[in-house]
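Peer 1:
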Ligand code: FES
Ligand code: FES
């Protein structure tokens, strides 16, 4: 992502003599350059402030949820500014136009976009600040700016003896004109990018000092819990709160749009009182299905409708009709919960200025709209403070917990912290949608002749747009929020709303060369709330495409790595990761005779990842022994964070492959906590070797791309081991006979 | 009801019902927010603290059960001079934390293990640490960090002050 032509890096000063660097978006900023307001707070478009005391403060506009933006983005600024990343003070950004993700025009952290979209703009911000400091020093010393050297926050005179700290010249620097061209360092001159290997948030996180949403503290704060409908679509009919109100510490009980809130002087008192609530639910329109009924509906939809064509090369339909042999397969990917380690929560307080919100959110600007939707406050009166996030994975892109906390706070005269229990988190999640995949293919000798992939299931944007669409137009009146969402749907694919790729991403980009390729999507929606889940569509399309590819390799009688390479003749980056991982895993080499290997390669979020899994089955238990992984994500800012994200994606994928499944009992979610919605644990975590492929390309995503290949690679290993195909997740030791 | 507690070497009196889980007393009465809530039913280990040096799940421990016992939380792992516990140090060196939310519990579990058994073998590390969940999947680094402490033979005693 290049710096858009309409954006300018601007500098400004403050009364106290600090240098402020920010981004100006014409049409958004009335004042021109960024500055600090009278009371010392930020104008919402500043990235970098250097003050006379030597402090360098960076406003981080992509939230830190484990993926490493806190370190990675700070490193970009520090590199060009020539300060050590560890010397930078980092604060989380408020809501501000300049902090919007250019990929979405929303202030969203997701889609593994943070580094790619910040790569140029943040380096320019750092380089711009440095340029002004150098110009100021040149004025003081009366030398050519080009002869001044900078290092770790200091300026060096060309005579080699005199030096000045940045803080000595910030005031003068703030009065310099920003050069039109801001040159960036050449990669060979990087000191921190690609070299700085430590996380800047590690100290706070090993000492328990990092403040997550759950840790927010306000004077005189009370605690809230909410009882929500046990079935999707149910509504509160009648509430008997007499017993609850009589419980110790209870402040109030009242109904809000999303359920019944219990407010008490402590979390524990609120929970105990909640048990005494008697609520009758109107369940006339409620969901009463389960996994089986949903997939039956999907199958019927897939039979009845060919769906929308999302990619077509050649004429797969007629080739398949004439083919002697057509290979078919059907795969199921179930609904999944995010299960962030930090349960959903939000703190809200009505103040003289309006409504203040503290939340672990991936989208503070959508949080603001969510709060405005359910209260009398307009977005301009709502301030959102972002905290560290105890995991995100897409869960915190939607803002139900903010809606709840805002609605509760409006009825109270003191701050309130809303906490979801783990049971509530699992049962009221916005799930990874369950999806059905059907394939038909024909072979021509050892090559694929025709490929037809039909994906059946819902689109996420239908659920996300509710608050997100309105966020792009924060001035519209509240009663139009839902209209905005509908307009968003109607205008999908136009310049107003990008196309919703959530169902088809990772399928339409199938990299394999074949003369006839057809990819289609059949819409089917059970009405269960869904959202983005780590790797989104790639999480199920990667599984389906790479499992079917393995089935075809088997039919063709060709080695699975070799079969893929033959279909990747014009895909050098896919080939490279595949060849590297085959070497790292010693693909053809010997191993314990009770083990087997499986492979998969998948592109997502701009990055190429290939993995080989070595697995066995002992006592009906699937054991994953080793995962080898090669990634090409362009230039690497922090190599160890790339490794960490691969390890994380692999273990997240293995949780889904071995355990993940949300199901219902007549519409009530069956799973409730970690005993029945299991996460991978230490004794299931495989040995891993991660190979980073050298690249000169611009950086691309790492938070999600490690996940998609591991599920099919494991399934393919289990096939190699048992001769039985794993066509749905979670995998089982014995999936029964498959053809 | 007032209950006497000894937390990180300090005497504290809290007003709570005896069956209140220790977790919420630590977090909301004593302001020790480094100990985390993950599941509330003893399944994840995010709430792990030490009671008399042993790892214990504070979410499912009633506060009355630990009155008069020595309680250490993540805040108590840093010594009076601000020096980190060797486990915390190893966690930084191995870049263990991602979102970090589970790590207080992981560190307390690891420190208790090493306090009991300064040289645990690989299987012991795996078995003991399997009770602490990490959604970010930092397990390989947790394992490596504990091994490094074993191999370097560093002392793993408690440093509460
Ligand atoms: S919160 Fe105590 S074990 Fe999960
Ligand atoms: S580091 Fe995120 S849950 Fe462990």
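Chains as they are written, first to last, in this note's numbering: chain A, 2 to 740; chain B, 4 to 164.
From the three backbone atoms N, C-alpha and C, an ideal C-beta is built for every residue, glycine too.
#1: Say yes only if the C-beta of residue 60(B) is nearer than 7 Å to one or more non-hydrogen atoms of ligand 1, and no if none qualify.
#2: Given the structure, does residue 103(B) come close to ligand 2, in the sense that its CB is under 7 Å from one of the ligand's heavy atoms?
#3: For a contact defined as C-beta to C-beta under 9 Å, what are the partners of residue 67(B) on chain A?
#4: Beta-carbon separation of residue 405(A) and residue 217(A) under 8 Å?
#5: Taking the beta carbon of residue 648(A) as the centre, do at least 16 other beta carbons fall within 10 Å, making it buried, or is it exposed?
#6: Alpha carbon to alpha carbon, what distance is there between residue 75(B) and residue 36(B)?
#7: For residue 536(A), count neighbouring C-beta atoms within 10 Å of its own C-beta (all shown protein chains included) and say buried if the count is 16 or more, exposed if not.
#8: Measuring only between beta-carbons, confirm whether residue 534(A) sits less than 8 Å from chain B.
#9: Closest by CA to residue 643(A), which one among 64(A), 20(A) and 72(A)?
#10: Looking at residue 741(A): is its Cβ nearer than 8 Å to the Cβ of residue 130(A)?
#11: Going by the beta-carbon positions, is the gap between residue 430(A) and residue 339(A) smaller than 8 Å?
#12: With 8 Å as the threshold, decide whether the Cβ of residue 269(A) is near any Cβ in chain B.
#13: On the three-state DSSP scale, how would you describe residue 121(A)?
#14: Going by C-alpha to C-alpha distance, which of 456(A), 570(A), 478(A) and 532(A) sits closest to residue 545(A)?
#15: Looking at chain B, which residues of the segment 187-211 of chain A have a Cβ within less than 8 Å of any of its Cβ atoms?
#16: So is residue 66(A) buried or exposed if we call it buried at 16+ other beta carbons inside 10 Å?
#17: Using a C-beta to C-beta distance shorter than 7 Å, which residues of chain A count as neighbours of residue 50(B)?
#18: Cβ-heavy atom distance between residue 138(B) and ligand 2 below 7 Å?
#19: Name the residues in the segment 394-407 of chain A whose C-beta lies less than 9 Å from a C-beta of chain B; which are they?
#20: Is the shortest distance between the beta-carbon of residue 120(B) and the beta-carbons of chain A less than 8 Å?
#21: Select from the segment 343-356 of chain A all residues with a C-beta closer than 8 Å to any C-beta belonging to chain B, and list them in chain order.
#22: Which partner residues does residue 751(A) have in the DSSP bridge list?
#23: Closer than 9 Å, Cβ to Cβ, to anything on chain B: give me those residues from the segment 680-709 of chain A, in chain order.
#24: Any beta carbon of chain B sitting closer than 8 Å to that of residue 651(A)?
#25: Under 8 Å between C-beta atoms, does residue 444(A) make it to chain B?
#26: Given a cut-off of 8 Å on the beta-carbon distance, is the pair residue 732(A) and residue 623(A) in contact?
#27: Quick one: what's got a C-beta closer than 7 Å to residue 268(A)'s C-beta in the same chain, skipping five residues either side?
#28: Relative to the alpha-carbon of residue 31(B), which residue among 265(A), 169(A), 15(A) and 144(A) has its alpha-carbon at the smallest distance?
#29: Could you work out which residue in 556(A), 723(A) and 680(A) is closest to residue 329(A) when comparing CA atoms only?
#30: For residue 111(B), does the count of other Cβ atoms within 10 angstroms reach 16, so buried, or fall short, so exposed?
#31: DSSP has residue 438(A) in a bridge; who is on the other side?
#32: Pop quiz: residue 135(B) and residue 108(B) are said to be a contact at Cβ under 8 Å. What is the actual Cβ separation, rounded to whole angstroms?
#33: For the structure I just gave you, are there three or more beta carbon pairs, one from the segment 705-713 of chain A and one from the segment 593-608 of chain A, closer than 8 Å?
#34: Quick one: which chain A residues come within Cβ less than 9 Å of residue 130(B)?
#35: By the criterion of Cβ-Cβ separation under 9 Å, what are the contact partners of residue 98(B) in chain A?
#36: Using beta-carbon positions only, say whether residue 316(A) and residue 517(A) come within less than 8 Å of one another.
Peer 2: With the structure as the only source:
#1: yes
#2: yes
#3: Neighbours of residue 67(B) on chain A: none; closest Cβ ~13 Å, over 9 Å.
#4: It is not a contact, given that the beta carbons lie outside the stated cut-off.
#5: buried
#6: 13 Å
#7: buried
#8: no
#9: Residue 643(A) has its Cα closest to that of 72(A), out of 64(A), 20(A) and 72(A).
#10: Shown here, chain A extends from 2 to 740; a query on residue 741(A) therefore has no answer.
#11: yes
#12: yes
#13: helix
#14: 456(A)
#15: So the list reads 198, 199, 200, 202, 203, 204, 205, 206, 207, 208, 209, 210 and 211, given in the order they occur along the chain.
#16: Flag for residue 66(A) reads buried.
#17: By Cβ distance, chain A contributes nothing, its closest Cβ being about 11 Å from residue 50(B), past 7 Å.
#18: yes
#19: Here the close residues are 394.
#20: no
#21: 343 and 344
#22: Past the edges of chain A, shown from 2 to 740, lies residue 751(A), and the structure says nothing about it.
#23: Correct list: 680, 681, 682, 683, 684, 685, 686, 687, 688 and 689.
#24: Yes, residue 651(A) lies at the interface with chain B (some Cβ there is under 8 Å from its Cβ).
#25: no
#26: yes
#27: 224 and 420
#28: Nearest of 265(A), 169(A), 15(A) and 144(A) to residue 31(B), Cα basis: 265(A).
#29: Nearest to residue 329(A) by C-alpha distance, out of 556(A), 723(A) and 680(A), is 556(A).
#30: Counting other Cβ atoms within 10 Å of its Cβ, residue 111(B) reaches 16 or more and is therefore classed as buried.
#31: 332(A) and 456(A).
#32: 5 Å
#33: Flag = yes, the segment 705-713 of chain A and the segment 593-608 of chain A touch.
#34: In chain order: 683 and 684.
#35: What residue 98(B) touches in chain A: 198, 199, 200, 203, 641, 642, 644 and 645.
#36: yes
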